[in-house]
Amino acid sequence: MKNETIMLISSLAATISAIAATVTTIMTYMLYRKRRQQKLYEKLDRILEIGIQYPYVENSNFISQWLDYRTSQDEKYLRYDMYCNLIFNYLAAVYDHYKGNKKSIEDFVDVKTWIRAHQLNWKNPVEPNENIDGYSNKFRDFINSYI
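Numbering (this note's numbering), first residue to last: 198 to 344.
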């Protein structure tokens, strides 16, 4: 009887420990996701601040001239190219965070508008293989699905 009681207590302790470890793991993962999402909000704010500071980077008339100026040394177009790199790198981080789930991504950020507005830069980067080498096939397919 004594051995059976010890075995039962040991089994219960092991089960409780396993449950506690599982709960701790889940809570840690949820906290990690929440912090990661907060960082995405912070990055979004920084990108939006650039758009406010340099409004031409979101101006359709300016953007429409990308093909004519993309290889120039015009500071505005150099800045615009870097701005687009920030946007697409940001969208890649959002894509990874939401594991490619379109609905979740669209609920988080206005991805359609950004991609469509800056599609000339995406399709015609300064460096020809920039978007091929810099992003995964799945992410490129995701971006191209909006164009």
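Don't be surprised by glycine CBs; every beta carbon is placed ideally from N, CA and C.
Assign residue i to one of three DSSP states: helix, strand, or coil.
| i | result |
| --- | --- |
| arginine 232 | helix |
| valine 254 | helix |
| threonine 221 | helix |
| tyrosine 295 | coil |
| glutamine 316 | helix |
| asparagine 334 | helix |
| arginine 267 | coil |
| asparagine 321 | coil |
| tyrosine 343 | coil |
| aspartate 307 | coil |
| asparagine 326 | coil |
| serine 261 | coil |
Classify residue i as buried or exposed, calling it buried when 16 or more other Cβ atoms lie within 10 Å of its own Cβ.
| i | result |
| --- | --- |
| leucine 288 | buried |
| aspartate 338 | exposed |
| glutamate 203 | Note on identity: in this sequence residue 203 is isoleucine, with glutamate being the wrong assignment. Per the 10 Å Cβ criterion, exposed. |
| asparagine 318 | buried |
| valine 220 | exposed |
| asparagine 256 | exposed |
| isoleucine 312 | buried |
Which residues in the same chain have their Cβ closer than 8 Å to the Cβ of residue i, if we skip the five residues on either side of it in sequence?
| i | result |
| --- | --- |
| tyrosine 253 | Phe259, Lys273 and Tyr277 |
For residue i, which residues from the same chain have a beta carbon less than 6 Å from its beta carbon, with the 5 sequence-adjacent residues on both sides left out?
| i | result |
| --- | --- |
| tyrosine 238 | none |
Residues in the same chain with beta-carbon distance under 7 Å from residue i, minus the five sequence neighbours each way, listed in chain order, please.
| i | result |
| --- | --- |
| proline 322 | Asn328 |
- Could you tell me whether the segment 270-289 touches the segment 220-232, where touching means 3 or more Cβ pairs closer than 8 Å? no
- Query: Hey, is the segment 261-268 in contact with the segment 309-318, meaning 3+ C-beta pairs nearer than 8 Å?
  - Reply: yes
- Query: Does the segment 291-301 come close enough to the segment 243-252 to have 3 or more Cβ pairs within less than 8 Å?
  - Reply: no
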